[in-house]
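**Q** Protein chains in written order, with my numbering: chain A, 1 to 136; chain B, 137 to 1155; chain C, 1156 to 1571; chain D, 1572 to 1795.
Have a look at this one.
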Amino acid sequence: MFHIYCPYCEELREEEEFHPKGQAHIARPEEPDTCSDEEWGDYLFFRDNPRGIHHEMWLHAVGCRKFFNITRNTVSYEILETYKMGEQPTITAEHLAREEKNAREEKTNNAQVAEGGQQTVGASDAAVASVKGAQA
Amino acid sequence: MSQTASQPNRLAQGGQVDRTQALTFTFNGHTYTGHPGDTLASALLANGVDLVNRSFKYSRPRGIVASGAEEPNAVVQLGATEATQVPNVRATQQALYDGLVARSTNGWPDAQRDIMRWIGKLGSPFMPPGFYYKTFMAPASMWMTYEKFIRKTAGLGRSPTQSDPDIYDHMHRHCDMLIVGAGPAGLSAALTAARAGARVILADEQEAMGGSLLDTRETLDDQPAAQWLKTTLAALAEHDNVTLLPRTTAHGYHDHHFVTLHERRTEHLGDSAPSKAGYRQPRSRLHRVRAGQVILATGAHERPLVYANNDVPGNLLAGAVSTYIRRYGVVPGEKMVLSTSNDHAYRAALDWQEAGREVVAIVDARTAPQGDLVAQAKAAGIRVITGSAVLEAKGAQRVSAARVAAIDVDAFRVTGKVETLECDTIASSGGYSPVIHLASHTGARPVWSDAIIGFVPSTVAGVAASGGARGVYPLDEVLADGVEAGVNAATALGFDVTVDDADLPQVASRHEGPVCALFQVPHEKATLRAPKQFVDLQNDVTASAIEVATLEGFESIEHVKRYTAMGFGTDQGKLGNINGMAVTARCLGQSIPETGTTVFRPNYTPVTFGAVVGRHCRELFDPERYTPMQAWHVARGAEFEDVGQWKRPWYYPRKRADGGLESIGEAVARECRAVREGVGILDASTLGKIDIQGPDAREFLGRIYTNKWQKLAPGRVRYGLMCGDDGMVMDDGTTSCLAENHFLMTTTTGNAAPVLEWLELWHQTEWPELDVYFNSVTDHWATMTVTGPEARKLLTDLTDIDLDREAFKFMDWREGHVAGVPARVFRISFTGELAFEINVQAHYAMHVWEALFARGEAFDLTPYGTETMHVLRAEKGFIIVGQDTDGSVTPEDLGMHWAIGYDKPFPWVGKRALTRADTRREGRKQLVGLKPKDASVVLEEGAQIVFEPNHAIPMPMVGHVTSSYYSPTLESGFALAVVKGGHQRMGESVYLPMVDGRVHEAEIVSTQFVDPKGERQHV
Amino acid sequence: MQRYSGFGLVKHALRHHEGWQRQWRNPTPKPRYDVIIVGGGGHGLATAYYLAKEHGITNVAVVEKGWLGGGNTARNTTIVRSNYLWDESAALYEHAMKHWEGLSQELNYNVMFSQRGVLNLGHTLQDMRDIQRRVNANRLNGIDGEVLDAEGVQSLVPIMDCSKRARYPVMGASWQPRAGVARHDAVAWGYARAADALGVDLLQNTEVTGFKIRDGQIQGVHTNRGDIEAKTVGCVTAGNSSVMAGMAGLNLPLESHPLQALVSEPLKPVLDTVVMSNHVHGYINQSDKGDLVIGAGIDGYNGYGQRGSYPTVEHTLQAIVEMFPIFSRVRMNRQWGGIVDTCPDACPILSKTKIKGLYFNCGWGTGGFKATPGSGHVFAASLAKGEMHPIAAPFSIDRFHSGALIDEHGAAGVAH
Amino acid sequence: MSNSVHVYDARTDHATVTAESPLAYSFQRSGMPAPGDASGEESRAVIGERAFLGHLILRGGAIVLDEALREVLGIGLPGRPNSLTVDADGQRSVQWLSPDEWLLIVPGDETFGLETRLRAHLGGAHVAIVDVSAGQTLIELSGEAAHEVLMKSTVYDVDPHTFTVGKGVTTLFAKTSVILRRPDASRWELIVRRSFADYVYRWLLDAGEEYGIGVARESRHEPQ
């Protein structure tokens, strides 16, 4: 369960007070009437769904009732920053690239976890590859 | 001494049980005694009960193996009464109380005489892993029959069949530092943090705090460990920034240091929570802890060795043997053989011998063990056989001998001659596995350590493992490690503290020799042909099963686990997981870290559903929202409908002349007639009400509603329709202009909160430049709708408002008094009749309501509920959002073109989507009226509509009935429905095939069945 | 392929089980295949099997970055039903249901498909309208279904609290007798073994790191074990679909969310049907091992962490204990999470893309497992013919631009 | 100004009109256990309703509202989020709810006069003032176990050392929301929505049972 810093209440609050509201910074097209069906469909339905850093909008529903933005890692669930509506994130694409690089490095160093329903155990890529090599 | 006589394995002294008190308990129908301080397991062992269960798959006899959370076998059914049954309780974790009743979970008629054991014995060769997948396929029609028999063998314990008499609750806690485990590491960490001034919670799963200090042979400051433990606990208790939670298991580690703790508050006292000072107390409590830093001082679990018949009662963990002797004063046998790969386990032999029983031999897999404990054992005259292991246990219901031989660990083979040692107990130890469960709940991957031959946790920031939990085992190092963890965490929290502040007790340091990596012990026969070597005792998974799985190409450890069911028991493989990985690694010719790693999921140990639920059950499962008139409705015998969380009167059945109660049909017909012919009243307080103020309020309304708002004058009311930006109808209601910059919006009951959020969303994110504020006033105003031809007459004497039809027109609102109470009255109608909606402050609602009834007596004022409201509005073709719409319906589909302001200057929400290809196409489903050909038929709501009733299945469906009622006014059934191209099909017939084979015919008609010109509401 | 039977089992037992063959090979990737399926879960394996079995396309690779059936196949609550509201969904799930019936025999692998029936409970008047609507539609679509009242529900599930005391009393239910549960792992393994026997290469621990695309036509995939070529590639990667699409420069209307489930400790049989409730929000069945298998809701935020928020689990158990007060003293053994890729209209995407030869099968949300055989069957046909199978055609990505959604939120509800 | 917003005194004379507090039905339905009567021991937690107070929501800019409030009421807006200002005799308070929203609680009969005077002071400023007096009620909670009752009920940290006097927050209470505040060291205040008040009341009685929770009878029905 997340612990979320509300930029308006200026303190950490429990996730249960908040509602996630999807991707942040989705601006309604200025002139809807001139949008094509495709553009309108993109605005309505197509969202970023990154594995990694994501900017998302949350509502402090049981609290100050303000919408605000969170930059969060969708894998580790670490919240990197929260910021008010109308503001821009300070942690963005560059961080994303750096994170990915780190993740790759970590992956080659550690065993891959192939997760299952419960206590889960998985083989490392390298180890399995070597065994396969031996058998092939 | 009669007690010791009745408890043959109880020592005359030693341990922390109170021998002055006897507790009587029953196991499998036999009565025994034990003492305060016992667990059920220690009491069973004290009484010489070997066989505690039958195994899950093969029905083999099983005894107690461990002394704590890792126990796989001693899983019992607890409870003296039907309502207090608890399935699958580990006897090793259940404190003994007087009157405890327990049974084995498997075995019929009992675990001793179990008849399934024959099936297990004879059938086990035919039950390799995955045998279900390979059999029971022919003939196909028989599977459900086979399954019935398979299911009969399922499960361990049984569910109670009666409701739980106990209550549970939650405690939300916040702390700087949560320390899990009150062993030496946890205690020294807690003391350090407490002194630094941090808010500390120290939780421990056992009946007593102390962890390994409860049964260690070592001394602290030259005193028995118990002395230091007592002093330390007392010191912690004195800090008011420390919360001590004994009997409390941290079972789940969630994101951002949110940890759930399960505190067993009364399970040690009895079957059911006793009341305290006349008040109920919760049976157990779930603490939801938000911590700043977490220290996991959860210790380590000993691993058993995997050898043939290692499941026969009398096979125990070496550490458990010590625990039973030292903590409970129980020696679980006469003659013991110890099979070990490490020094630490030698304690069991020393303890056993000191308890006055015979140690037949210590069988050590290492060729040249050397360490202080080894020397001590030798000095005590115990025979130590090196380079060897127990290959096989002999015995049926209890160990009778151990077959021992020299082995080559690396080559995995037996190298020496087998010697058979007579004994009744085999203690084994294959080393220790740090308890890394909580650390890995967040997905942090443990790392294999060759140094400790086990996985050590990796942790996320803010979490640290300490002591045995990270593979640090010597007591002096554990204590220091705890201090260091405490200092680090306190420093991270901003407290000023250093390691030097701690006063660590003196512990004699002790030399330990290196450990040998032994998991499965080789047998003279190949694994597939050897007697069963159990890896996962609870699920009856053997080394041979794992080998078969790898033969069949299951090479991922996850596949092996799933194919064999290893680790899927209630112990979640605490004993077997690493051994299983080792066997898999051996079969695949790779190392353990190459085979994978192990990640655990919550829960560490199982948690009672009731504790997770807390008091969110029964009457408090979900809020019930009431209007200010609730007492009146209840007194009038209303039946209620759940609308969201609200309880709304559904209808008010009256007593019939014959004394019976009206049916819903009779009541609704009566209520409908009252409104159409006289006057009725509805409690409409649940409607959402939003106060909107600001110079841009009007502009905002124009953007959020589909229709126009520029010209609505103060004193006037308008119906509004709200869409999402996908063009689909999401809510409707009236909005009144209270003043130029002031509006009162109403929403449907269920959408009050979502609509307010919707307005805020658009204001805060898209149009912050608009000067407008929204505030909910739903609960502030009570609303009563007085409607029917007599409504005006009824109200005239009660109000100072001029009710004249010209002075107070339809869709006007007025301010004044009703029954002496300031009121806003709205002349809007959802029934099609003359109607006044009276809004007063909720404090006065009952006063006004009752005044209306006092005056209404002369008019037979009839209260009506939601059902009548639905009939009356449907007769007028008024929609209910969510009933006549389903998120795929546009305003045009509803025929509400009049409410769409295509020419409004601002591109309002929903507008663009209404011109998409699909919303423009022909043949959309459109709202129409349906008149059944047979007037006595009330079509089924949800009935599907077809044009060709004789079409073969699948039959093309062209719509469905959304609302359908019997109309007492029309004396006929009638319905609203959506039909493909319905607006162009007026007068056509459609068909409604029913489940019972009947096919109803109906005519497509206008949605306005009563007073289509709308004259009655204007009277 | 070694044929499985009870007789065979006895034979093997006498040989101490030393003679079992591998259920599938562990091949080295070939440089080129006719078709590559990315994703070795149930849907991907089924697709490969039907390509080989029904379309004679056996030069097929299934590329899986971990172990077969390790994604949502391994972590769902195993419910199989086909009583969907809209014609398009009903056709797809009923197609799957027909394949479920007889799947064990077809694959010679007992997937333990247990047609014990599924109840979808109604607790409000609107629930009951929706149930009527759905069951009526099902019957006219040739799908079995009945509407039960509270008494009918009570007689099927005597241990459920169907009294008026409940906060949201059970008013009735839809009942699909042919629905039930299946053994999830066995479905993946059964398809894997059968596909392998027909010549399909199952490449585990092989991660796709990119797509080879030339002139708008797919040419193959880059993997950690080298490049593999194919002119037809089907992506069946569930929660990871957006990431895969991103590698091909495509955008999908998907969000990946955590979906949690939990099991109790194993109990003696006490619940013989599947019970689902949208309104109090929980669903439950009892496995053949005895665990109560309980599905929780979706967490509202995007997440690839295979874990969700604790309150979701709490709310689910509240619902379960509300429906089954006798389970209060039963204990929860473990919980876990999957990653479900959800579409705005709660229906899947089976679609071509603007890259020729590259297809996606995704967006199943919480409802993927039950569709496995049907999804694989129609997707295989689409890949084989280069044209979407008629049952798959309505599930095109185009619907999010035209507006022709198949909105299962309406009446079938969110719980699958 | 006055005709751009409909300002309206919906309160009336409680001497001639029977007013019912939001908890009236709950007292009747669930009873009112007297403090400390079950085992003869003192209640460790006591609740009581302070009914019929005036509750006004203020929306607008902090500076302009602060100025008006100081002028009209003699107390200013609390400067920090999640805080509360109480006047000298403890009868009037203003609490931060969000960056543009405050809750003003005053004796019931002052409500309309206060709104009128505030509006007069605020002139043409863009603000909203909304009377929600009948839409919510105030429950007092006191006793040595008061914070333990709250720990069972709310996810917010209610440790008296961290939830200091003068703090006030909107947060979850069981499955509903409350405004929770500490006007002084001796008591907590819960402000609950009228339609949820019965649920909160029943929850408090249930959660407080082990502390022998009781209901104070004073200030129940008397209008102020």
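Backbone N, C-alpha and C define an ideal beta-carbon position, used for all residues, glycine too.
Within 10 angstroms of the Cβ of residue 275 of chain B, are there 16 or more other Cβ atoms? Answer buried if so, exposed if not.
**A** With fewer than 16 other Cβ atoms within 10 Å, it is exposed.
**Q** Counting only Cβ-Cβ distances shorter than 9 Å, please list the residues of the segment 1702-1730 of chain D near chain B, keeping chain order.
**A** 1702, 1703, 1704, 1705, 1706, 1707, 1719, 1721, 1722, 1723, 1724, 1725, 1726, 1727, 1728, 1729, 1730
**Q** My output table needs one value for residue 516 of chain B: the three-state DSSP class, helix, strand or coil.
**A** coil
**Q** Pick out whichever of B/462, B/307, B/258 has its Cα sitting closest to the Cα of residue 421 of chain B.
**A** B/307
**Q** Just the chain A side, please: which residues come within less than 7 Å of residue 1459 of chain C by C-beta, in chain order?
**A** 51, 74, 75
**Q** Distance, Cα to Cα, residue 1712 of chain D vs residue 1621 of chain D?
**A** 11 Å
**Q** Going along chain B, which residues have a C-beta under 7 Å from residue 9 of chain A?
**A** What residue 9 of chain A touches in chain B: nothing, since even the nearest Cβ is about 15 Å away.
**Q** Going along the chain, which residues of the segment 12-39 of chain A sit with their C-beta nearer than 7 Å to a C-beta in chain D?
**A** 14, 16, 17
**Q** Check this for me: beta carbons of residue 829 of chain B and residue 1576 of chain D, under 7 Å apart or not?
**A** Yes, these two residues count as a Cβ contact at 7 Å.
**Q** Spatial neighbours of residue 368 of chain B within its chain, please: C-beta separation below 7 Å, excluding the five flanking residues on both sides.
**A** 323, 327
**Q** Which chain B residues sit within Cβ distance under 8 Å of residue 1217 of chain C?
**A** What residue 1217 of chain C touches in chain B: nothing, since even the nearest Cβ is about 14 Å away.
**Q** Roughly how many angstroms lie between the CA atoms of residue 471 of chain B and residue 429 of chain B, to the nearest whole one?
**A** 47 Å
**Q** Would you report the Cα separation of residue 958 of chain B and residue 1697 of chain D, rounded to the nearest angstrom?
**A** Each residue's Cα considered, the two are about 27 Å apart.
**Q** Determine the direct distance from the alpha carbon of residue 621 of chain B to that of residue 627 of chain B, and round the result to whole angstroms.
**A** 10 Å
**Q** Report yes if the C-beta distance between residue 1266 of chain C and residue 1276 of chain C is below 7 Å; otherwise report no.
**A** no
**Q** For the segment 735-749 of chain B against the segment 1468-1482 of chain C, are there 3 or more C-beta pairs whose distance is under 8 Å?
**A** yes
**Q** Excluding sequence positions up to five away, which residues of its chain have a Cβ less than 7 Å from the Cβ of residue 1444 of chain C?
**A** Counting only Cβ-Cβ distances below 7 Å, and skipping sequence neighbours, we find 1421.
**Q** Give me the Cα-Cα distance between residue 1676 of chain D and residue 91 of chain A, rounded to the nearest whole angstrom.
**A** 42 Å
**Q** Are three or more beta carbon pairs between the segment 643-658 of chain B and the segment 475-483 of chain B nearer than 8 Å?
**A** yes
**Q** At a cut of 8 Å, does the segment 1115-1129 of chain B reach the segment 1091-1100 of chain B through at least three beta carbon pairs?
**A** yes
**Q** I think residue 1393 of chain C touches residue 1517 of chain C, with their Cβ atoms under 8 Å apart; what is that distance to the nearest whole Å?
**A** Confirmed, about 6 Å.
**Q** Are three or more beta carbon pairs between the segment 873-891 of chain B and the segment 725-732 of chain B nearer than 8 Å?
**A** A contact between stretches requires three or more CB pairs, one per stretch, nearer than 8 Å, and the segment 873-891 of chain B fails this requirement with the segment 725-732 of chain B.
**Q** Using a Cβ-Cβ cut-off of less than 8 Å, list which residues of the segment 873-899 of chain B approach chain A; keep chain order.
**A** 893, 896, 897
**Q** Short check: CB of residue 1193 of chain C to CB of residue 1325 of chain C, under 7 Å?
**A** no
**Q** Who are the neighbours of residue 63 of chain A on chain C, taking C-beta pairs under 8 Å?
**A** Within 8 Å Cβ-Cβ: nothing; residue 63 of chain A doesn't reach chain C, min ~16 Å.
**Q** Counting only Cβ pairs nearer than 9 Å, list the residues of chain C close to residue 295 of chain B.
**A** 1314, 1419, 1422, 1423, 1425, 1426, 1447, 1479, 1481, 1482, 1484, 1485
**Q** Taking Cβ positions only, does residue 394 of chain B come closer than 7 Å to chain A?
**A** At least one CB of chain A lies nearer than 7 Å to the CB of residue 394 of chain B.
**Q** Within the segment 1310-1359 of chain C, note down every full alpha helix (DSSP H) run reaching 4 residues or more, in order along the chain.
**A** Runs of the alpha helix (DSSP H) spanning 4 or more residues and lying entirely within the segment 1310-1359 of chain C occur at 1339-1352, in chain order.
**Q** Should residue 66 of chain A be flagged as near chain D, meaning a C-beta pair shorter than 7 Å?
**A** Closer than 7 Å: yes.
**Q** My output table needs one value for residue 102 of chain A: the three-state DSSP class, helix, strand or coil.
**A** Here residue 102 of chain A sits in helix by DSSP.
**Q** Output yes if chain C places a C-beta closer than 7 Å to the C-beta of residue 763 of chain B; else output no.
**A** Output row for residue 763 of chain B: interface = no.
**Q** Assess, as a yes-or-no matter, whether the segment 519-529 of chain B is touched by the segment 498-509 of chain B under the definition of 3 or more beta carbon pairs within less than 8 Å.
**A** yes
**Q** If we count the other Cβ atoms within 10 Å of its Cβ and call it buried at 16 or more, is residue 222 of chain B buried or exposed?
**A** buried
**Q** So which of C/1306, C/1299, C/1227 has the shortest CA-CA distance to residue 1252 of chain C?
**A** C/1299
**Q** For chain B, find out if any of its Cβ atoms is closer than 7 Å to the Cβ of residue 3 of chain A; answer yes or no.
**A** yes
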